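Order-wise, the sequence lines are chains L and G. Read in numbering that gives the first Met the number 0, the first sequence has 285 at position 286, and its numbers run on one by one without any break. Read in numbering that gives the first Met the number 0, the second sequence has 132 at position 133, and its numbers run on one by one without any break. Following: one structure in structure tokens, then a few remarks.
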Amino acid sequence: MFSYVLRRLLATIPVMLIVAVFVFLMLRLTPSDPAAIIAGDNANTEQVAEIRRRLGLDQPILSQFVIWMGKTLQGDFGESFFFKKQVAELIADRLEPTLSLAFFTLLLAVIIAVPLGVVAAYRHGGWLDRIVMGFSVLGFSVPVFVIAYVLIYIFAIELNWLPVQGYQRLAQGVGGWLQRLILPSITLSVIYIALIARITRTSVLEVMNEEYIRTARAKGQTEAKVLIRHALANAAVPIVTVVGLGVALLIGGVVVTESVYTIPGLGRLTVDAVLARDYPTIQAVILLFSLAYVLINLAVDLAYTFLDPRIRY
Amino acid sequence: MSIEALPAELVEGPPQRRRTLRLAARNPSVVIGALIVLALALLGLLAPLLDTLPPSEINPVFRNKKPGAERLIRDSNGTEHKYVHRFGTDSLGRDIYSRVLYGARVSLIIGITVAVISVAVGLVIGLIAGYVRWLDGSIMRVMDGLMAIPAILLAMGVVSLSRAGLIAVVIAIVIPEIPRVVRLVRSIVLSIREEPYVEAAITVGTPTPLLLIRHVLPNTVAPLIVQGTFTCASAILIEAVLSFLGVGIPPETPTWGNIMAEGRSLFRVYPHNIFYPGLCLALAVLAINMLGDGLRDTLDPRFAKRV
């Protein structure tokens, strides 16, 4: 087991290295000179040259990459062109809203989607099954921002139950923090619910034909226990896999959702950075989100052994 | 021997392929999806004939009007007639109905272009990865790396490198889609390689390019049609997201994402700027996804089981 974990951990290194090469090349491929951007419009040639030397841009590209990698690994992403702050500081500042949003979205999605999928599989072919399947096709097709505006229109403007947008830090009170996260989390969870409900339905359906389900029923187990302890437990591996893969969708959705609800998180930072062509920030954000995605999927892979004791490494 | 002397199924092609096509045409999800896509394509194509105004025509007097607002328009020959803004106007006085119809053009063009390019490029790379064993490892590592970056982030990163425009947006959406096609093609090639008829072809000395074209390529057609359909839907979505965030197609071009981006600031008062294009966008993506689901079920039953 330990050697397997170590092997999988090492296997993420080449993947992240490729991401890093791509992100590094991104800045070098820009038509504009980063040193000139930092120096501003009023700088003279010597000042630009000085900045270029300070950033190491006058060195060969391979040593630039090594220097950049070394700094990045220490958490030094350089200074933001636009915000004139250390990118690492900027990111630390924006972490809380994004993590809160992602946490509630995941929680909501799993709580709603898994029972929905199980019931749809149990009542296979019935009206509930059709509703769940219809909803999941719909959830994949309606863009996040359209869902966001429909929810804002209904719950914030017409009914006036919840704030239209904004974010309140957890430190300023749990109530306001929760209240402002409700709509964004529901918005973001729709596509995730569609994804998880669909795979839960498919994998539970597959398991329902197994002989141990018949055995469980034959020995007089209640239907609820058959569904949860026998069917769902055996269908867990594909469900958890999809939850992990869905994180890519979640990250894309975070960018949009935070923009619609003006939440000052990493997603909003990404949009601002792209609009301002703030390359150090763009690089850092892409690296961080990709790392999170890779690590979450690594954790999912490692969770297989706990979910399904038949899987051994 | 004349053609008439041949059995009917030899003249008309393999019966199985025709049966598949007929099966696809009978699948309700394929029919409904295709009809909606066709309708949207026609609306976009025939937009100039459907009582629209030039989509970028600004009218400072007639800003932010609700759907159904009327105004007088002077024709080139001097006569005046009443024009109804069916979907209202935006904050620059542009007619939303006209912009939404013209927007269908951009969305469908981007969806189809991205699907064709990513399938073509992915097919070539996938064939190479599947057939040239010593290149397989390094190609797939690069693809894994690209797949590790969430699609929208990767697209935003690529867009930030150049001036916003149609070509930049297409490239930005194609890059994250390619690895998915490559993986699919590679897995097909790897399983086809083991088939007896491929081994037989190798034994009789078929050169590799011919082998790929005659035996491997036909097996990729059905899965790639399905994959291309889903790519088209996802490309339309990503384009709308990019434009909505202000990093996609330049704002004066009528695209569904741009119309919605423009309507953001006044959403509380004039929600129609967001709802009409949003509805079209959702409908288009839904229709293409339905088409894809139906095609997957009929063209490629193996693939249907895999997902």
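From the three backbone atoms N, C-alpha and C, an ideal C-beta is built for every residue, glycine too. A quick note: this is a predicted structure, and the numbers were derived from the prediction, not measured.
Assigned exposure category for residue i - 16 Cβ within 10 Å defines buried
i, result
"V131 (chain G)", "exposed"
"P276 (chain G)", "buried"
"Q171 (chain L)", "exposed"
"F305 (chain L)", "exposed"
"V65 (chain L)", "exposed"
"E8 (chain G)", "With a pLDDT of only 45 at E8 (chain G), under 50, the local geometry of the prediction cannot be trusted, and the value read off the model is given with reservation. Answer is exposed; the Cβ neighbour count stays below 16."
"I12 (chain L)", "exposed"
"S79 (chain L)", "buried"
"S2 (chain L)", "exposed"
"H80 (chain G)", "exposed"
"N296 (chain L)", "buried"
"A10 (chain L)", "exposed"
"D57 (chain L)", "exposed"
"L134 (chain G)", "exposed"
"W126 (chain L)", "exposed"
DSSP three-state assignment for residue i, whether helix, strand or coil
i, result
"K81 (chain G)", "strand"
"D292 (chain G)", "helix"
"D94 (chain G)", "strand"
"T307 (chain G)", "An answer regarding residue 307 (chain G) cannot be provided, because it is not within the stretch 0 to 306 covered by chain G."
"I174 (chain G)", "helix"
"I148 (chain G)", "coil"
"I310 (chain L)", "coil"
"R70 (chain G)", "strand"
"R305 (chain G)", "Residue placement at R305 (chain G) cannot be trusted, given a pLDDT of 42 that sits under 50; what the coordinates show is reported in the next sentence. Helix."
"F1 (chain L)", "helix"
"Q85 (chain L)", "strand"
"E193 (chain G)", "coil"
"E78 (chain L)", "strand"
"N58 (chain G)", "coil"
"P183 (chain L)", "helix"
Inter-residue Cα distance where the pair is residue i and residue j
i, j, result
"N159 (chain L)", "I151 (chain L)", "9 angstroms"
"V259 (chain L)", "I181 (chain L)", "14 angstroms"
"Y303 (chain L)", "I201 (chain G)", "41 angstroms"
"R70 (chain G)", "Y82 (chain G)", "5 angstroms"
"V115 (chain G)", "A215 (chain L)", "50 angstroms"
"A167 (chain G)", "T230 (chain G)", "17 angstroms"
"I281 (chain L)", "A119 (chain G)", "29 angstroms"
"L45 (chain G)", "Y166 (chain L)", "45 angstroms"
"P47 (chain G)", "V169 (chain G)", "25 angstroms"
"L287 (chain L)", "V254 (chain L)", "14 angstroms"
"L22 (chain G)", "Y96 (chain G)", "37 angstroms"
"I60 (chain L)", "L290 (chain L)", "24 angstroms"
"S396 (chain L)", "L285 (chain G)", "One cannot answer for residue 396 (chain L) here, as it falls past the ends of chain L, which runs 0 to 312."
"L161 (chain L)", "F144 (chain L)", "17 angstroms"
"V131 (chain L)", "R197 (chain L)", "8 angstroms"
"V14 (chain L)", "A147 (chain G)", "7 angstroms"
"S106 (chain G)", "E238 (chain G)", "7 angstroms"
Chain G residues whose Cβ lies nearer than 7 angstroms to that of residue i
i, result
"Y292 (chain L)", "A147 and P149"
"V13 (chain L)", "Inspection of the sequence shows that residue 13 (chain L) is occupied by Pro rather than by Val. Those are R140, listed as they occur along chain G."
"M25 (chain L)", "G156 and L160"
"S258 (chain L)", "L244"
"I250 (chain L)", "P149 and L152"
Closest by C-alpha distance to residue i, when choosing among the options
i, options, result
"A87 (chain L)", "L:Q73, L:S99, L:L98 and L:L100", "L:Q73"
"K84 (chain L)", "L:L268, L:I190 and L:A120", "L:L268"
"T104 (chain L)", "L:V141, L:L249, L:V241 and L:G69", "L:L249"
"R309 (chain L)", "L:D271, L:R93, L:A232 and L:G133", "L:A232"
"R280 (chain G)", "G:S55, G:R93, G:Y101 and G:V30", "Looking at the sequence provided, one finds Leu at residue 280 (chain G) rather than Arg. L280 (chain G) has its Cα closest to that of G:Y101, out of G:S55, G:R93, G:Y101 and G:V30."
"F274 (chain G)", "G:A40, G:E79, G:T88 and G:L48", "G:T88"
"F139 (chain L)", "L:P237, L:I285, L:L187 and L:D277", "L:L187"
"G321 (chain L)", "L:F1, L:A193, L:Y292 and L:L8", "Outside the displayed range of chain L (0 to 312) lies residue 321 (chain L), so it cannot be described from this structure."
"I177 (chain G)", "G:A154, G:E193 and G:A199", "G:A154"
"E205 (chain L)", "L:Y191, L:Q220 and L:P237", "L:P237"
Neighbouring residues, chain G, relative to residue i (Cβ below 8 angstroms)
i, result
"F21 (chain L)", "G144, L145 and I148"
"I17 (chain L)", "R140, V141, D143, G144, L145 and A147"
"A247 (chain L)", "P149 and A150"
"S289 (chain L)", "A147, I148, P149 and L152"
Contacts that residue i makes with chain G (C-beta to C-beta distance below 9 angstroms)
i, result
"L137 (chain L)", "A281 and L285"
"V255 (chain L)", "I151, V240, F243 and L244"
"L274 (chain L)", "S159, L244, G245 and V246"
Contacts that residue i makes with chain L (C-beta to C-beta distance below 7 angstroms)
i, result
"I273 (chain G)", "Y148"
"P236 (chain G)", "Per the sequence presented here, residue 236 (chain G) reads as Leu, with Pro not at that position. Within 7 angstroms Cβ-Cβ: P142."
"A239 (chain G)", "P142"
"P66 (chain G)", "What P66 (chain G) touches in chain L: nothing, since even the nearest Cβ is about 15 angstroms away."
Listed by chain order, chain L residues near residue i by CB distance under 8 angstroms
i, result
"R267 (chain G)", "I156 and V163"
"N288 (chain G)", "V136, F139 and S140"
Where residue i meets chain A, residues with beta-carbon distance less than 7 angstroms
i, result
"Y121 (chain L)", "Annotation note: the requested chain A is absent from the structure, which comprises protein chains L and G."
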